[in-house]
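Beneath this line is the structure, given in structure tokens, with notes to follow.
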Amino acid sequence: MSASTWFITGTSTGFGRVLTEQLLARGHRVAATLRRPEQLDDLAARYGEQLWVRRLDVTDTAQLRAVVDAAFAELGRIDVVVSNAGYGVLGATEEFTDEQLTRQLDTNLLGSIQLARAALPHLRAQGGGHLVQLSSMGGQMAFAGSSPYHASKWGIEGFYESLAPEIAPFGIRTTLVEPGGTATEFIGAGMAVTEELPAYADGPVAQLRALLSGDSGYEFGDPAHYAETIIEAVASPEPPTRLLLGADAYEQVTTALAARLAQAEAQRETAVRKPAATGR
Numbered sequence: 004m005s006a007s008t009w010f011i012t013g014t015s016t017g018f019g020r021v022l023t024e025q026l027l028a029r030g031h032r033v034a035a036t037l038r039r040p041e042q043l044d045d046l047a048a049r050y051g052e053q054l055w056v057r058r059l060d061v062t063d064t065a066q067l068r069a070v071v072d073a074a075f076a077e078l079g080r081i082d083v084v085v086s087n088a089g090y091g092v093l094g095a096t097e098e099f100t101d102e103q104l105t106r107q108l109d110t111n112l113l114g115s116i117q118l119a120r121a122a123l124p125h126l127r128a129q130g131g132g133h134l135v136q137l138s139s140m141g142g143q144m145a146f147a148g149s150s151p152y153h154a155s156k157w158g159i160e161g162f163y164e165s166l167a168p169e170i171a172p173f174g175i176r177t178t179l180v181e182p183g184g185t186a187t188e189f190i191g192a193g194m195a196v197t198e199e200l201p202a203y204a205d206g207p208v209a210q211l212r213a214l215l216s217g218d219s220g221y222e223f224g225d226p227a228h229y230a231e232t233i234i235e236a237v238a239s240p241e242p243p244t245r246l247l248l249g250a251d252a253y254e255q256v257t258t259a260l261a262a263r264l265a266q267a268e269a270q271r272e273t274a275v276r277k278p279a280a281t282g283r
């Protein structure tokens with residue numbers, strides 16, 4: 004893959020940081036955005052002009068548009084735009100505060116949508132490009148205890164399903180990345196939690212809390228391996244529109260899809276049945 008330019012949100016830690024490091028090491032240029040730019044001072048010192056860094060909170064739409072415009076203006080062509088900024092909140096639906104719910108959807112869903120909207124005029128003008136959206140296996144299935152998170156991921160997947168055919172004539176490709184559990188700060192300390200109600204001390208929500216506590220023995224995926232897989236997928240002649248990462252993602256998504264298909268098949272006669280003829 005020849006050297007290209009990538010724009011990435013949420014590069015301070017976790018997967019965004021790993022992807023940025025891998026791209027820079029391979030000789031690519033990266034426009035890295037994050038809320039605290041000083042967190043990339045070490046990479047800036049090492050890579051110089053190969054790394055372009057700007058402060059960005061994706062929930063600030065005016066700031067987001069300004070940063071995207073500046074990146075294209077200063078760097079010229081940007082080949083790949085990666086929407087990575089996001090996080091999860093763990094808890095039962097009625098435990099969420101209004102603020103937690105709004106922040107979750109503003110960051111994961113609306114921030115991602117606004118990034119695509121900001122980048123599209125530039126990508127059209129330059130004759131193409133690639134939008135890469137970090138989703139989750141949770142964009143095609145759901146666990147109890149993360150309803151707003153799943154709403155954001157199912158929502159962004161629906162957005163991209165509609166967007167992809169709109170922009171294909173302009174040479175703009177899209178890829179939804181759907182990793183399973185990954186060994187980053189997203190799990191454990193990086194995941195916000197609700198204040199637990201006694202009614203949910205047991206049951207499926209409590210089970211998910213235990214699973215994501217970091218002491219469950221769950222085998223989480225390697226973010227470095229996933230970053231490498233994404234870079235390779237983007238460079239391929241026919242990049243996938245969806246990219247599952249991890250054995251857990253494959254198992255969970257294929258099981259969920261099979262169950263939904265079976266339910267749909269069971270309803271076939273009801274769905275296709277025509278109204279009974281009425282006589283006088």
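Under this note's numbering, the first residue of the sequence shown is numbered 4, with each subsequent residue one higher.
Ideal placement from N, C-alpha and C gives every residue a C-beta, glycine not left out.
Whether residue i touches residue j by CB criterion (8 Å)
i    : j    : result
L246 : I234 : no
L67  : R38  : no
Y90  : A259 : no
L93  : R212 : yes
S155 : L214 : no
T23  : A6   : no
Burial state of residue i (16 or more Cβ within 10 Å)
i    : result
Q136 : buried
L264 : exposed
F189 : Annotation note: pLDDT 49 at F189 (below 50); position unreliable, coordinate value reported separately. It counts as buried.
A192 : Only weak support exists for where A192 lies, its pLDDT of 49 falling under 50; the value from the coordinates is given anyway. Flag for A192 reads exposed.
P207 : exposed
R176 : buried
F10  : buried
G148 : buried
H31  : buried
K277 : exposed
H228 : exposed
G132 : buried
P151 : buried
Delimiting residues of the alpha helix (DSSP H) encompassing residue i
i    : result
L179 : Counting along the chain, L179 falls outside any alpha helix (DSSP H), though it belongs to the beta strand (DSSP E) covering I175 to P182.
E24  : G17 to A28
L46  : D44 to Y50
When the options are compared against residue i, the one with the closest alpha-carbon
i    : options                   : result
S15  : R32, W9, H31 and L43      : L43
G13  : A204, Y253, E181 and G114 : G114
I81  : H125, V56 and R49         : H125
N87  : P182, A261 and Y50        : P182
V70  : G79, R57 and L78          : R57
F18  : L248, G158 and A261       : L248
V21  : T185, F162, D205 and A128 : T185
L200 : V83, A267, A95 and E77    : A95
P240 : G174, A35 and A262        : G174
T64  : A122, T100 and L27        : A122
Extent of the continuous beta strand (DSSP E) to which residue i belongs
i   : result
I11 : T8 to I11
R32 : R32 to L37
Cutoff 8 Å: residue i Cβ touching any chain D Cβ
i   : result
Y50 : Of the protein chains in this structure there is only one, and it is not chain D.
Fill in: Runs of beta strand (DSSP E) lying entirely within the stretch 110-182, each at least 3 residues, in chain order
132-137 and 175-182
Worksheet entry | Runs of beta strand (DSSP E) lying entirely within the stretch 199-270, each at least 3 residues, in chain order | 245-248
Practice prompt. Enumerate, from N- to C-terminal direction, the unbroken beta strand (DSSP E) stretches of 3 or more residues contained entirely within the stretch 58-109.
Written response: 83-86
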